[in-house]
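Peer 1: Read left to right, the sequence shown gives residues 50 to 981 (our numbering).
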Amino acid sequence: MCLSLICYFSAKAQRDTISIRARLNDDQKTISVEQVLIYHNSHQKAIKQIKLLNWVSAYQNRKTHLLKRKLEDRKKDLFFAKDEQLGKLESLQYSYGNISAEILNKTQENILIPLSEPLEAGKNIKLNLKYQIQLPDARFTGYGLDANFILLKYFFLVPETYEDDSHKKSFYRDTEETANAGSFWKVNFEIPTNWKIYSNLSQNNNSEFEGQSINDPEFQISTEIYPEFPINIDWQQINVQLGYQVTEYQRQILGSVITNHLKFIKTKVGNLPNKLFITQKFLNKEEFIGIDDIKFWKFKYQLFTDYEKTDLDYFSVISKKVMDNHFITNKTQDHWLKNGLKSYLEIEYLKQFYPEHKLLGNLPDNARIFGIKPLKLFHASKLKLSERYGLAYHYISTQNLDQKITTPYYLLSNFNTTAISQFEMGSLLAQISEYTGAQSFDNFLKDYLSANYQSKTDGQKFLNDLKNFSNGKSNFLQQMMSEKHRINFNLKNVKEQKDDYLVEIHKNNILEIPLKVETEKSSGETTTYWKESSSGKSDTLLVPKENVEKIVLNDNYIFPESNYRDNYIYTKGLFSNTKKIRFKLIKDIQNPEYNEIFLTPRLTFNAYDKILIGMNFKNQGIFDQKFDYSVTPYFSTGTGKLTGSGAVGYSILPPNSFFRSWNFAVSGSYFHYNNNLAYKRFGAGTSINFNKNPRSAIGRSLYFSYNYYDRELTPLMIENNLYSKYNLWNLGYSYSDNRLIHEKYISGNLQWMEDFQKISAEAFYRWEFSKDKKISFRWFAGYFIKNATKNALFNYGISRVSNYSFSYGLLGQSATSGILSQQFILAEGGFKSMFNTSVNQFITSLNVDSHVWKWFNVYADAGVYKNKDRATQFIWDSGIKVKVIPDFLEVYFPVASSLGFEPGFKDYGYRIRYTLVLNLGALINNLRRGVF
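1. Please list, in chain order, all residues of the same chain as residue 216 whose beta carbon is under 6 angstroms from its beta carbon, the five residues on each side excluded.
2. Residue 871 and residue 963 - do their beta-carbons sit closer together than 8 angstroms?
3. Take every Cβ of the region 578-587, pair it with every Cβ of the region 494-511, and state whether three or more of those distances are shorter than 8 angstroms.
4. Within the same chain, show all residues whose beta-carbon is closer than 8 angstroms to that of residue 570, passing over the 5 residues directly before and after it, in chain order.
5. Between the C-alpha atoms of residue 464 and residue 950, what's the straight-line distance to the nearest angstrom?
6. Let me know the secondary structure DSSP gives residue 876 once reduced to three states.
7. Please report how far the alpha carbon of residue 960 lies from the alpha carbon of residue 896, in whole angstroms.
8. Is the number of C-beta pairs between the region 804-813 and the region 825-838 that are closer than 8 angstroms three or more?
9. Looking at C-alpha atoms only, which residue of 905, 915 and 836 is the closest neighbour of residue 847?
10. For residue 301, write down the residues that DSSP places opposite it in a beta bridge.
11. Roughly how many whole angstroms lie between the Cα atoms of residue 69 and residue 177?
12. Drop a sphere of 10 angstroms on the beta-carbon of residue 417, count the other beta-carbons inside from all chains shown, and report buried for 16 or more, exposed for fewer.
13. Any idea what DSSP makes of residue 231, helix, strand or coil?
14. Relative to the C-alpha of residue 606, which residue among 480, 572, 646 and 714 is closest?
15. Throw me the rounded Cβ distance for the residue 309 and residue 375 pair, which I believe falls under 8 angstroms.
16. Kindly indicate which residue of 180, 298, 113 and 168 has the alpha-carbon position closest to the one of residue 143.
17. The beta strand (DSSP E) with residue 677 in it runs from where to where?
18. What three-state label does DSSP hand residue 54 in the structure shown?
19. Between which two residues does the beta strand (DSSP E) containing residue 604 stretch?
20. Among 344, 273, 234 and 351, which one has its Cα closest to the Cα of residue 261?
21. Go ahead and label residue 56 buried or exposed: buried means 16 or more other beta carbons lie within 10 angstroms of its beta carbon, across all protein chains shown.
22. Measuring straight from C-alpha to C-alpha, what distance separates residue 903 and residue 381?
23. Taking the beta carbon of residue 341 as the centre, do at least 16 other beta carbons fall within 10 Å, making it buried, or is it exposed?
24. When the Cα of residue 71 is compared with those of 96, 205 and 117, which residue comes out closest?
25. Curious, which full-length beta strand (DSSP E) runs of at least 3 residues does the region 92-169 contain?
26. Can you give, in chain order, each stretch of the beta strand (DSSP E) that sits fully within the region 345-413 and has at least 3 residues?
27. Are the region 248-265 and the region 275-284 touching by the rule of at least three beta carbon pairs closer than 8 angstroms?
28. Suppose you measure from the CA of residue 666 to the CA of residue 672; what does that come to, to the nearest Å?
29. Going straight from the alpha carbon of residue 116 to that of residue 833, what length do you get?
30. Compute the distance between the beta-carbons of residue 644 and residue 628, then report whether it is under 8 angstroms.
31. Looking at the secondary structure, which residues open and close the beta strand (DSSP E) in which residue 329 lies?
32. Find out if the Cβ-Cβ distance for the pair residue 429, residue 408 is shorter than 8 angstroms.
33. Within the chosen definition, does the region 705-715 reach the region 682-692 through at least 3 CB pairs nearer than 8 angstroms?
34. Please classify residue 468: is it buried, with 16 or more other beta-carbons within 10 angstroms of its beta-carbon, or exposed?
35. Measure the alpha-carbon distance for residue 60 versus residue 175 and round it to whole angstroms.
36. In chain order, what residues of the same chain lie with their CB nearer than 7 angstroms to the CB of residue 188, ignoring the 5 residues before and after it?
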């Protein structure tokens, strides 16, 4: 007992102490601080300087890690902020002993205070600081100045909790990183009398707070009185303080809702903190994902009731807040520990209180069209809410954009902070809990959390303790977490024996992972078996017959596999040892139990086929698949004939390689390119998409393709020696960087056939020089290495491309007059004025486009081209562009060019050009950039 007390007080004595007197100045934009820091040297050696985090400087200029992250998230407010909206350290003086000085370089995020003599390991020093900070606008990160409050976090100068001996620099990125936790804080504020202060520290009086910081302290200053809920859990008084207003309905129910949450959480983790402070920023970050109402125009569809939304949102928030107050971790490295435990608690909560609730909630029942409930036809409407954890991981892994669970938090993509750090880790813990027994696992959690309550711990210690608890049965976890795994189990076949079925299971790894096997009778009754996996790649399991019709492995996405489609097998009937085939109308989340073919009606148009009515048949639903096919037959109303296209593809998606995907495809199409004239195209190709940082907007690809074309010709075309059949070979490379502010694209292409070889290059740069105002530059160069063609079909276009590869979305492939001929494609020369010629030797051009006002841009093009046996020509044009939908529907009005003053031409109406992209998928992809 005496030894324990000595250790306790010794640990407390070694804790840094931070005493602050902070005054909100009259301008209510700056805070003056007088601070006393008792700093303990926790390093293993003497130090000559003390590092203090000056993270308010992360808001100061355009070179910080915070700004870089915001631009990656496609948020540009900070980039275009005015100086008075930024945060900065305006002054800093320090003193210790008889030494006093001023820090002149206040823009760095890591300030080093030099010591006159080394501070030995285990010793402490008293440091006096006096400084003033300018607070940033809260719209950048949620911290700083808002219209209704001031939220302070990461603004005071503090030593770093997880500092290494090298004083390695640490930067603020708005990822709720651990700056200073475990220190003892005492803070006294001077604020106007009508203001109130809220904090996660214990409150002594209206302006004074103190206590140990399990997380970095937060202080919210406001003139408003926010809701507060005193909760009693087994005689423990817990104060839940909100930092925002709630609806009257939520005020009425939150007391009982949060009480239920805390009671449930206590049964799982044991200790509960005495105070929970929840800000609006924390609520927005940690609320339950995917249950918000769907709002479209004047319509609103509610997925879940108001009570269910409040219950689930606040359970998610409360469970994370409890974990945050339980123990101290380095979130950058061990983010998955608290996030995984939060998701585990959610999964257990859903099992108990929402066992039959669906992923889409009440939407399939509420969404009606003429009394019909169309969403009921979708497999997504039958998925349970608890299956969202496995589905999120599966979605991102099928695109090969998942990351290791142990990836540092700031390197995770936005989607992976949820799908990997939370959902995947939570699913793995839930599987171990189910395998070892929920009560036994919860007892382990209680013991672990109690032993580390309000103290430092790390992920490795948790894994070691879990390994000991499970008798080594969780050994697989550490290896899975440290790699982009592609683990897959396969129910290979089932063999009937006298009283049992012998189930053969294959796997693609040697990890010993426990397997959950379920049998299902025709009545729907299920029986669960757990199989201790061996280190071999094949295994067997005996299950009793008992009228079993179906055997399922790892049902409900309980374990993060790379392929769930081989986890189902039938024991009887035509489809025993195989899969049933099912046709589904409209794209859906794939049901792994079936071989599904998705049918999607298609409607499109071109000038020769007129309206094309068709049906697309494909095997790929919402999740990407390695093997996919797509066949779309159309009925051409313009010709009365069947047309269409089809393709078959296969992708290699290695988890760890220099490329993200290697794609192979063969395809074909049959449409009309002129009145009563059709073309056939057959092609094959391969492309490599190189590996990329999932947070980056940079993409690189290399492609090679072969296409064969067969065009129907009229007798006059044949007489004029036009091409009927030809082969095209392409080899190219492209680089794209779709980041905000500075958008870049570079490509090169080599194309050849029997009669020509030509090489081309293109570069594009778009700069957002002011908020929502952009200027773009495009350069193109093309050169014929050999040109022995019979006509101008393969020439470079100046103002209109020759669509001999049928790869551009031209509504009128062969139109030479009328509105269809005015369609503009930004390719090759890229001129908007009508220069009625093409190029058979070389061309280079520059296209400039700049924003002027609202929807209006100005453009200018200039270039040089040369045709055989002709002199080199210089041409230019200029005009006004109206952006109806940027990059998708734009109209060009030429003004002046080499041709003259174009508005003065009689046929000016026919010189107006437009772009029209009828590709909904491209539009959606453009809008969703930054989500991942």
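All C-beta atoms, glycine included, are put in the ideal place defined by N, C-alpha and C. Remember, it's a predicted structure, so these values are computed and weren't measured experimentally.
Peer 2: Quick look at the numbers:
1. 100
2. yes
3. no
4. 595, 596, 597 and 598
5. 52 angstroms
6. coil
7. 18 angstroms
8. yes
9. 915
10. Paired residues: none, contrary to the question.
11. 10 angstroms
12. exposed
13. coil
14. 480
15. With 8 angstroms as the limit, residue 309 and residue 375 do not qualify as a contact, their Cβ atoms being about 19 angstroms apart.
16. Minimum Cα distance to residue 143 is reached at 180.
17. Looking at the DSSP string, the run of the beta strand (DSSP E) that includes residue 677 is 676-685.
18. Bear in mind that a pLDDT of 38 at residue 54, under 50, signals an unreliable position, so the number given afterwards is only what the model happens to contain. Helix, per DSSP.
19. From DSSP, residue 604 is part of no beta strand (DSSP E); its letter is neither H nor E.
20. The shortest CA-to-CA distance from residue 261 to any of 344, 273, 234 and 351 is the one to 234.
21. Residue confidence is low: residue 56 scores 39 on pLDDT, short of 50, so the model does not pin down where it sits. Its coordinate-derived value is still stated next. Flag for residue 56 reads exposed.
22. 42 angstroms
23. Answer is exposed; the Cβ neighbour count stays below 16.
24. 205
25. 96-102, 137-145, 148-151 and 159-168
26. The region 345-413 contains these whole beta strand (DSSP E) runs: 348-350.
27. no
28. 16 angstroms
29. 45 angstroms
30. Result yes, Cβ atoms of residue 644 and residue 628 sit closer than 8 angstroms.
31. Premise fails: residue 329 lies in the alpha helix (DSSP H), 329-335, not in any beta strand (DSSP E).
32. yes
33. no
34. buried
35. Residue placement at residue 60 is flagged as unreliable, the pLDDT there being 41, under the threshold of 50; a coordinate-derived value is accordingly withheld.
36. 126
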